[in-house]
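A.B. asks: Residue numbers (the working numbering), protein chains in the order written: chain Y, 1 to 113; chain E, 1001 to 1114.
We put the CB at the ideal spot given by N, CA and C, even for glycine.
#1: Could you run through the segment 1003–1030 of chain E and flag, in chain order, every residue whose CB is less than 7 Å away from some CB of chain Y?
#2: Cβ of residue 102 of chain Y less than 8 Å from any chain B Cβ?
#3: DSSP beta-bridge partners for residue 1090 of chain E?
#4: Can you grab the Cα-Cα spacing for the pair residue 1111 of chain E / residue 53 of chain Y, in whole Å?
#5: So residue 92 of chain Y and residue 47 of chain Y are supposed to be a Cβ contact under 8 Å. How far apart are they, rounded?
#6: Contact between the segment 1020–1032 of chain E and the segment 1071–1088 of chain E: three or more CB pairs below 8 Å?
#7: Here's the rule: buried if 16 or more other CB atoms are within 10 angstroms of the residue's CB, otherwise exposed. What is residue 1049 of chain E?
#8: Let me check one thing: in DSSP terms, what residues is residue 93 of chain Y bridge-paired to?
#9: Is there a C-beta anywhere in chain Y that falls below 8 Å from the one on residue 1059 of chain E?
#10: For my contact list, residue 107 of chain Y and residue 89 of chain Y are in at a C-beta cut-off of 8 Å; report their separation, rounded to the angstrom.
#11: Mind checking if residue 1044 of chain E is an interface residue toward chain Y, Cβ cutoff 8 Å exclusive?
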């Protein structure tokens, strides 16, 4: 079955630690996205990539980093510079072009110890 | 800049009653508009989208939405609510040019009363 997988489902971060969230898709989509979800604030765009080896900052990129070495994979690293990382993180992918649907993974919940 | 406003962070209706979730958008260019649904601790699932074809859009699970340019609205409706409709609903907008970045509203939590 085609789809988007995110791992782990839950992730715990210690003070000063970098953690990496995985996102993989087998939909053959060129574009991939990372969003952060906080209660009552909807989803906010962290980073996006429209093609391998290229990515752009979204609205809240500070404290995060990404890579796009393969079409299928778009991992997100939450660095120690992100002072309030507790949130639900959602990855999405889409075909490029106007009006294309973004398909979402099941999400990773990040908690700080 | 684009923005989305969802009126009402919580909406409660009785089972069998009409569901109306409101969404107003702001966009400097013709928009694409989306409604997504999220069940607890899950990702988002597309309900329906408007991409400049018919202004009345039908989606999954009996939902529909009407694009009204004059009112900059894209309200979501369902004639008769079911218990399984209880979830959080998000309206989103993207431009019809450039990178397809979605801008989301803050969400509306729908509760269905028996």
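C.D. replies: Taking the definition as stated:
#1: Per Cβ criterion, the list reads 1009.
#2: Of the protein chains in this structure, namely Y and E, none is chain B.
#3: On the second chain, position 90 is the one that residue 1090 of chain E refers to. Residue 1090 of chain E is bridged to E:1036.
#4: Reading the second chain from its first residue, position 111 is the one you call residue 1111 of chain E. Reading the first chain from its first residue, position 53 is the one you call residue 53 of chain Y. Cα to Cα, residue 1111 of chain E sits roughly 43 Å from residue 53 of chain Y.
#5: The residue labelled residue 92 of chain Y in the question sits at position 92 within the first chain. The residue labelled residue 47 of chain Y in the question sits at position 47 within the first chain. Actually they do not touch by this definition, with Cβ atoms about 11 Å apart.
#6: The segment 1020–1032 of chain E, when compared against the segment 1071–1088 of chain E, does touch it at the 8 Å Cβ threshold.
#7: Locating residue 1049 of chain E in the second chain gives position 49, where the first residue counts as 1. Flag for residue 1049 of chain E reads buried.
#8: As a working mapping, residue 93 of chain Y is identified with position 93 in the first chain. Per DSSP, the beta-bridge partners of residue 93 of chain Y are Y:32 and Y:103.
#9: For this step, residue 1059 of chain E is matched to residue 59 along the second chain. The C-beta of residue 1059 of chain E comes no closer than 8 Å to any C-beta of chain Y.
#10: Looking up residue 107 of chain Y in the first chain gives position 107. Looking up residue 89 of chain Y in the first chain gives position 89. The pair is a contact, with the Cβ atoms about 6 Å apart (cut-off 8 Å).
#11: Here residue 1044 of chain E refers to the residue found at position 44 when the second chain is read from its first residue. Between residue 1044 of chain E and chain Y, the shortest Cβ-Cβ separation is below 8 Å.
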